[in-house]
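Enquirer:
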Amino acid sequence: MKKIVFFLFLYIGIFIPAQNTRIIYDYQFLKDSTDTNSKIIERMVLDIYSHHSEFYSEAVAQSDSLRFESAIRQMKTSNSITITSDMKKGEVRDKIAKYYPHYVTFLHTRVGGTSYKVKDERKLHWHLTSETKKVNNWEVQKAKVTFAGRNWEAWFTKDIPLQEGPYKFHGLPGLIVEMEDTTKTHRFSLLEIKPMPKIELDKNPTKLSKNSVEITLEKFREQFQKHRKDPTIVMRMDTGKIFDANGNPLDINKIIREREHKMKEKIKKENNHIERDLLY
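Here it is as structure tokens:
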């Protein structure tokens with residue numbers, strides 16, 4: 018049975034999120050809905066601060082931190098930076114921020130070389146059912162919601178009265194313990210709740226980019242679909258030259274064609290985005 022270290026505060030019947038709490042979810046999903054071998058398993062972190070929460074991949078955050086530290090060391094010793102592919106870990110690079118008390122939600126993501134901060138003003142219209150069960154000795158209740166092109170079933174517990182959950186989900190009268198879409202290709206399961214490590218609080222804790230372009234969801238959908246149709250548009254706009262290790266010029270058009278083929282094949286297999294309505 019999991020041990021839960023947890024502090025909650027209630028005031029005049031309104032829930033105030035416990036500050037500096039870290040919640041870990043197991044996230045399992047198929048990148049390609051037609052291929053069961055495309056299953057990804059990633060530990061996701063939900064950090065709760067006094068005024069907002071941040072949801073992100075544990076592996077990506079650790080990888081980004083190590084790459085940043087490596088870059089600093091390299092600059093000090095050689096005045097140059099080399100980032101190798103083995104330093105890049107994790108699959109889920111999107112991050113979510115929710116700002117209290119109204120749970121204003123932003124997606125932090127990167128498309129076509131540009132970092133975006135996307136405000137999502139869609140409301141979550143939950144339907145609470147009478148169905149209950151036990152999960153890790155918690156009494157949980159089932160709720161349903163349709164969001165971003167998917168139908169979801171969530172199990173929340175009033176034993177932990179946090180109105181929080183994985184990804185953009187929030188607003189239930191208890192923490193979301195389990196959540197799965199009806200295609201059974203995206204699933205979140207609560208693993209752990211603990212205080213945030215003090216060493217991280219002493220640093221700048223945010224995992225969010227400070228140099229993102231803020232756009233609406235509608236504009237982002239346009240950029241997202243444009244990138245899927247033409248993933249090398251940014252490369253073609255770059256008129257610079259590329260040279261090999263010996264200083265010989267390379268055929269930029271050939272490089273772009275090869276890159277485009279690889280990216281389109283990759284995009285074709287990434288057909289099961291958590292927000293299905295971004296694809297159409």
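Take any residue in the sequence shown, count from 1 to its spot, add 17: that is its number in the working numbering. Don't be surprised by glycine CBs; every beta carbon is placed ideally from N, CA and C.
1) Do A165 and F186 have their C-beta atoms closer together than 8 Å?
2) Could you spell out where the alpha helix (DSSP H) holding M280 opens and where it closes?
3) Counting pairs of Cβ atoms below 8 Å between the stretch 106-122 and the stretch 206-215, do you hit three or more?
4) Establish whether the CB of K201 and some CB of chain C are separated by less than 8 Å.
5) For I57, list the residues DSSP reports as bridge partners.
6) Is there at least one non-hydrogen atom of the ligand ATP closer than 7 Å to the beta-carbon of H187?
7) One question on the structure: do M213 and R39 come within less than 8 Å of each other, judged by their Cβ atoms?
8) Return the CA-CA distance between L25 and P178, expressed in angstroms with no decimal places.
9) Put R238 into one of helix, strand or coil per three-state DSSP.
10) Give me whichever residues DSSP pairs with Y133 in a beta bridge.
11) Taking the straight line between their C-alpha atoms, what separation do you get for E75 and D64?
12) From the DSSP secondary-structure annotation, give me the bridge partner or partners of Y73.
13) How big is the Cα-Cα spacing for F85 and D43?
14) To the nearest angstrom, report how far apart F260 and F173 are at their CA atoms.
15) Looking at the structure shown, is Q79 part of a helix, part of a strand, or coil, going by DSSP?
16) In the structure shown, what three-state DSSP assignment does K161 receive?
17) Within a Cβ cutoff of 6 Å, which residues of the same chain sit near S55, ignoring the five residues on either side of it in sequence?
18) Taking the alpha-carbon of G129 as reference, which of E277, P266, H244 has the nearest alpha-carbon?
19) Residues in its own chain within less than 7 Å of L27 by CB, not counting five upstream and five downstream?
20) Do R276 and M252 come within 8 Å of each other at the CB atom, strictly closer than that value?
21) Determine the closest residue to K224 out of F241, Y117, V77, with distance taken between C-alpha atoms.
22) Using 10 angstroms around the beta-carbon of S70, count the other beta-carbons present and answer buried if the total reaches 16, otherwise exposed.
23) Rounded C-beta distance between Y133 and I232? I'm assuming under 8 Å.
24) How far does the alpha helix (DSSP H) with R253 in it extend, from its first residue to its last?
25) Going by Cα to Cα distance, which pick from N265, D137, E287, S67 is closest to Y117?
26) For K258, count neighbouring Cβ atoms within 10 angstroms of its own Cβ and tell me buried if that reaches 16, exposed if not.
27) Across which residues does DSSP place S206 in a beta bridge pair?
28) May I ask you to report which of helix, strand or coil DSSP gives H144?
Expert: Once the coordinates are examined:
1) no
2) 269-286
3) no
4) Chain labels in this structure do not include chain C; a single protein chain is all it has.
5) F46
6) The model on display carries no ligand, and the ligand ATP is accordingly not part of it.
7) yes
8) Low local confidence applies: a pLDDT of 40 at L25 is under 50, so the model's placement there is unreliable, and no value is given.
9) helix
10) T126, V230
11) 11 Å
12) V62
13) At F85 the pLDDT is 49, less than 50, meaning the model places this residue with poor confidence; the figure from the coordinates comes in the next sentence. One C-alpha to the other measures close to 26 Å.
14) 56 Å
15) helix
16) strand
17) L47, K48, D49
18) H244
19) Note on L27: pLDDT 35, under 50, position unreliable in the model; no value is reported.
20) yes
21) V77
22) buried
23) 6 Å
24) 250-254
25) S67
26) exposed
27) D43, E195
28) strand
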